[in-house]
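Chemist:
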Amino acid sequence: MKPVKKAVIPVAGLGTRFLPATKAMPKEMLTIVDRPVVQYAVDEALEAGIEHIVFVTGRNKSAIEDYFDIQPELVETLKASNKTKQIEELERLQLRPGAVSFTRQQLPNGLGHAVWCARDIVGDEPFAILLPDMVSFGRRGCLAGAVELYEKTGGNVVTVEECDPTETDKYGIVGKGEKVGNGFVITDMVEKPKPAVAPSNYYINGRYILQPEIFELLGTQQRGAGNEIQLTDAMKRLSDTQAFHAAPFDGQMFDCGAKDGFIKANVAFALARSDIRDLVLGPIEAMVSGQQKRSDAA
Ligand code: G1P
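Residue numbers for the sequence shown follow this note's numbering, so the first one is 1 and each next one is one higher.
(1) Do PHE137 and PHE269 have their C-beta atoms closer together than 8 Å?
(2) Apply the 10 Å Cβ neighbour rule to GLY112 and answer buried if 16 or more other Cβ atoms are within range, or exposed otherwise.
(3) Between which two residues does the beta strand (DSSP E) harbouring ALA196 extend?
(4) So, helix, strand or coil for ASN266, using DSSP?
(5) Just list the residues that DSSP pairs MET253 with in beta bridges.
(6) If you follow the alpha helix (DSSP H) that LEU14 is in, where does it begin and where does it stop?
(7) Could you tell me which uninterrupted beta strand (DSSP E) segments, each at least 3 residues in length, are contained entirely in the region 139 to 205, listed from first to last along the chain?
(8) Go through its chain and collect everything with a Cβ distance to GLN211's Cβ below 8 Å, but skip five positions before and after it.
(9) How big is the Cα-Cα spacing for ALA63 and ASP296?
(10) Please list the terminal residues of the continuous beta strand (DSSP E) segment that includes LEU130.
(11) Is the beta carbon of CYS142 less than 8 Å from the beta carbon of GLU47?
(12) So, under 8 Å CB-CB, TYR203 and CYS163 are touching, yes? Tell me the CB distance rounded to an integer number of Å.
(13) In this structure, how does DSSP classify SER101 when only helix, strand and coil are distinguished?
(14) Can you tell me whether DSSP reads LEU231 as helix, strand or coil?
(15) Could you tell me the boundaries of the beta strand (DSSP E) in which PRO248 lies?
(16) Under 8 Å by Cβ, that's how I've got GLY175 and ASP250 pegged, so tell me the actual separation to the nearest angstrom.
(17) Can you grab the Cα-Cα spacing for the pair PRO283 / ASP34, in whole Å?
(18) Could you check whether ILE209 and VAL147 sit closer than 8 Å to each other, using their CB atoms as the reference points?
(19) What is the rounded straight-line gap between the Cα of PRO199 and the Cα of ASP188?
(20) With a threshold of 7 Å (Cβ to nearest heavy atom), would ASP255 be considered close to the ligand G1P?
(21) What residue range is occupied by the uninterrupted beta strand (DSSP E) comprising ILE53?
(22) Using the C-alpha atoms, what's the distance from THR103 back to ARG59?
(23) For GLU28, does the count of other Cβ atoms within 10 angstroms reach 16, so buried, or fall short, so exposed?
(24) Among GLU228, ILE263 and GLY13, which has the Cα closest to the Cα of LYS192?
(25) Measuring alpha carbon to alpha carbon, tell me which residue in ARG92, ILE121 and LYS264 is nearest SER101.
(26) Assuming contact is defined by CB atoms lying nearer than 8 Å, are ILE50 and LYS5 in contact in what I supplied?
(27) How far does the alpha helix (DSSP H) with ASP278 in it reach, from first residue to last?
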């Protein structure tokens, strides 16, 4: 079984749900506490053993490329004012030279098309995909759990969580088969099914390990839900000839493509940080109980 060393992170999406903030800034650069959303996906990938990151970008996303570059003037300025902690942190986050690639999705044809745009850089090896809007919060990152299952099963692995059964039409949904390790065999995959026809309430929460044969299928994939080329539809075709397993995530995923998920992620990560927790916990509690009092009085 070949190890998973490359990860594709699609960052071409427009971010219309965060207008006007995303008029002049990619949604992946919005910050959770003090790091851009995309940094969390990169950290999670590195934690899971990934060595090379492939970003699939689009127009107006150059801030992401600049973010992963070295900024010599900034380093010099920090050195001149003895800001060693900040310099160390920037060095720690720096990706190795040559271990990051950028390619462009020229047209907004959907997630399946975005992943297909990375085919030449990924080549003939299994690879991971991380959807950066989905920010993983837990004992360990969501992708690490997928890699653990993949090391047992090989083939293809997607990570899942249970959703409200009335909300299956927001996600890719999998059918649940027999148990394998901490996961299960996937018996079906449908992109955004209506609750009445959904095979379960297990939704794909944005982490995948796929075999390279997916690229050929993506290249011939017809448009599906939302008139877009859907990754789930190509995975369903690949499942005719290859195994697919689901790895349930034992933490929590925040959908930072939505305002409520983004705000919840900021609160959760702030409370988990020893340098911030005490600064925000009391005020948050006071705000919540103040609001409670106001609504009790109303
Ligand atoms: C995409 C995938 C879907 C998955 C979701 C997770 O949908 O197509 O299968 O469940 O991400 O966030 P999107 O959110 O791009 O509509």
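Cβ coordinates follow ideal geometry from the N, Cα and C atoms, glycine included.
As the structure is a prediction and not an experimental result, all values here were calculated from the model.
Modeler: Taking the definition as stated:
(1) Position 137 of the sequence shown, counted from the first residue, corresponds to residue 137. Position 269 of the sequence shown, counted from the first residue, corresponds to residue 269. Against a cut-off of 8 Å, the Cβ pair of PHE269 and PHE137 comes out as a contact.
(2) Start at 1 with the first residue of the sequence shown, and residue 112 comes out as number 112. By the 10 Å Cβ count, GLY112 comes out buried.
(3) Within the sequence shown, numbered from 1, the residue matching residue 196 stands at position 196. Note, ALA196: premise wrong, no beta strand (DSSP E); not H, not E.
(4) Against the sequence shown, residue 266 aligns to sequence position 266. Three-state DSSP puts ASN266 in a helix.
(5) Counting from one through the sequence shown, the residue named residue 253 turns up at place 253. Its beta-bridge partners are SER136.
(6) Locating residue 14 in the sequence shown gives position 14, counting from the first residue. Run containing LEU14: none; DSSP gives neither H nor E here.
(7) 156 to 162, 172 to 180 and 183 to 191
(8) Position 211 of the sequence shown, counted from the first residue, corresponds to residue 211. Cβ neighbours of GLN211 beyond the five flanking positions: PRO126, GLY155, ASN156, LEU238 and GLN242.
(9) Stepping through the sequence shown from its first residue, residue 63 is reached at position 63. Stepping through the sequence shown from its first residue, residue 296 is reached at position 296. One C-alpha to the other measures close to 46 Å.
(10) In the sequence shown, counting from the first residue as 1, residue 130 sits at position 130. Where LEU130 is concerned, the enclosing beta strand (DSSP E) stretches over 127 to 130.
(11) Along the sequence shown, read from residue 1 onward, the residue named residue 142 stands at position 142. Along the sequence shown, read from residue 1 onward, the residue named residue 47 stands at position 47. Cβ atoms of CYS142 and GLU47: not closer than 8 Å.
(12) Numbered from its first residue, the sequence shown carries residue 203 at position 203. Numbered from its first residue, the sequence shown carries residue 163 at position 163. Contact flag correct, Cβ pair sits at about 4 Å.
(13) Along the sequence shown, read from residue 1 onward, the residue named residue 101 stands at position 101. Strand.
(14) Position 231 of the sequence shown, counted from the start, is the residue given in the question as residue 231. Correct three-state label for LEU231: helix.
(15) For the purposes of this step, residue 248 is taken as residue 248 along the sequence shown, with counting starting at 1. Taken as a continuous stretch (DSSP letters only), the beta strand (DSSP E) holding PRO248 covers 244 to 248.
(16) For the purposes of this step, residue 175 is taken as residue 175 along the sequence shown, with counting starting at 1. For the purposes of this step, residue 250 is taken as residue 250 along the sequence shown, with counting starting at 1. Wrong, their Cβ atoms sit about 21 Å apart, outside the cutoff.
(17) Stepping through the sequence shown from its first residue, residue 283 is reached at position 283. Stepping through the sequence shown from its first residue, residue 34 is reached at position 34. Answer to the nearest angstrom: the Cα atoms are 19 Å apart.
(18) Taking the first residue of the sequence shown as position 1, residue 147 is located at position 147. Taking the first residue of the sequence shown as position 1, residue 209 is located at position 209. Yes; because the gap between Cβ atoms is below 8 Å, this pair is in contact.
(19) Start at 1 with the first residue of the sequence shown, and residue 199 comes out as number 199. Start at 1 with the first residue of the sequence shown, and residue 188 comes out as number 188. Going by the C-alpha atoms only, they are around 7 Å apart.
(20) Stepping through the sequence shown from its first residue, residue 255 is reached at position 255. Yes, the ligand G1P has a heavy atom inside 7 Å of this Cβ.
(21) Here residue 53 refers to the residue found at position 53 of the sequence shown. Taken as a continuous stretch (DSSP letters only), the beta strand (DSSP E) holding ILE53 covers 52 to 57.
(22) The count along the sequence shown starts at 1 and reaches residue 59 at position 59. The count along the sequence shown starts at 1 and reaches residue 103 at position 103. Going by the C-alpha atoms only, they are around 11 Å apart.
(23) Residue mapping note: residue 28 aligns to position 28 of the sequence shown, counting from 1. Its Cβ being crowded by 16 or more others within 10 Å, GLU28 is buried.
(24) For the purposes of this step, residue 192 is taken as the residue at position 192 of the sequence shown. Nearest option by C-alpha distance: GLU228.
(25) The residue labelled residue 101 in the question sits at position 101 within the sequence shown. Checking every option, the nearest Cα to that of SER101 belongs to ILE121.
(26) As a working mapping, residue 50 is identified with position 50 in the sequence shown. As a working mapping, residue 5 is identified with position 5 in the sequence shown. Taking 8 Å as the Cβ cut-off, ILE50 and LYS5 qualify as a contacting pair.
(27) Looking up residue 278 in the sequence shown gives position 278. Here the alpha helix (DSSP H) through ASP278 covers 277 to 297.
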